[in-house]
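The working numbering applies: residue 339 is where the sequence shown begins, and numbers increase by one.
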Amino acid sequence: TIFTRLFGGGTARLVLTDPEDLTETGIDIEARLPGRRSQGLSLLSGGERSLTATALVFSLLKVSPTPFCVLDEVDAMLDEANVGRFRDLLRELSQTTQFVIVTHNRNTVQAADAIYGVTMGRDSASQVISLRLDELSKVVDSDE
């Protein structure tokens with residue numbers, strides 16, 4: 339499963355908060371991380387919550403791909419190993435879905451085809467810059 343790939347093991351499931359009243363019930367996420375017992379989302383660390391939520395979104399995209407997905411700093415609380423697994427799945431899912439990701443993480447940027455940045459110009463106005471990584475690698479390779 340996507341959850342298992344992101345965490346290197348474990349399982350997660352969606353649970354109805356009130357199975358007796360299906361018209362008013364909510365949904366909770368229960369996660370069992372590798373080597374731990376099952377617990378609710380609120381008991382997980384920030385990085386674990388972020389990765390669990392990402393697993394849910396990625397699972398939905400795997401079942402029913404959308405043409406476009408925006409993720410805003412979902413990797414902010416992740417350590418290097420988790421960013422690597424996130425990045426690998428991102429590359430895989432980008433075959434069917436285009437992603438726009440807001441990030442400050444250099445490791446996540448490595449999965450990008452293009453980078454867009456906003457900087458302040460000389461006239462103090464915002465300026466958008468872009469860089470296609472495939473073009474950059476051609477320039478770097480030709481310099482060597």
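We treat Cβ as the ideally placed atom computed from N, Cα and C, and that holds for glycine.
* Output yes or no for whether 8 Å exceeds the beta carbon distance between residue 381 and residue 365. => Residue mapping note: residue 381 aligns to position 43 of the sequence shown, counting from 1. Residue mapping note: residue 365 aligns to position 27 of the sequence shown, counting from 1. It is not a contact, given that the beta carbons lie outside the stated cut-off.
* Asked: How would you call residue 413, buried or exposed, if buried means at least 16 neighbouring beta carbons within 10 angstroms?
  -> One-based indexing of the sequence shown puts residue 413 at position 75. Residue 413 comes out buried.
* Among residues of its own chain, excluding the 5 on either side of residue 384, which ones have a beta-carbon nearer than 8 Å to its beta-carbon? -> Reading the sequence shown from its first residue, position 46 is the one you call residue 384. Hits under 8 Å: 415.
* Which runs of the alpha helix (DSSP H) spanning at least 4 residues fall entirely within the region 379–434, listed in chain order? -> 384–401 and 418–431
* If you draw a straight line from the alpha carbon of residue 376 to that of residue 442, how long is it in whole angstroms? -> To locate residue 376, count along the sequence shown from 1; it is residue 38. To locate residue 442, count along the sequence shown from 1; it is residue 104. C-alpha separation (whole angstroms): 31 Å.
* To do: Express the C-alpha separation of residue 462 and residue 342 in angstroms, rounding to a whole number.
  => The sequence position of residue 342 within the sequence shown is 4, counting from 1. The sequence position of residue 462 within the sequence shown is 124, counting from 1. Going from the Cα of residue 342 to the Cα of residue 462 covers about 47 Å.
* Three-state secondary structure assigned by DSSP to residue 472 -> Residue numbering aside, residue 472 sits at position 134 when the sequence shown is read from its first letter. Here residue 472 sits in helix by DSSP.
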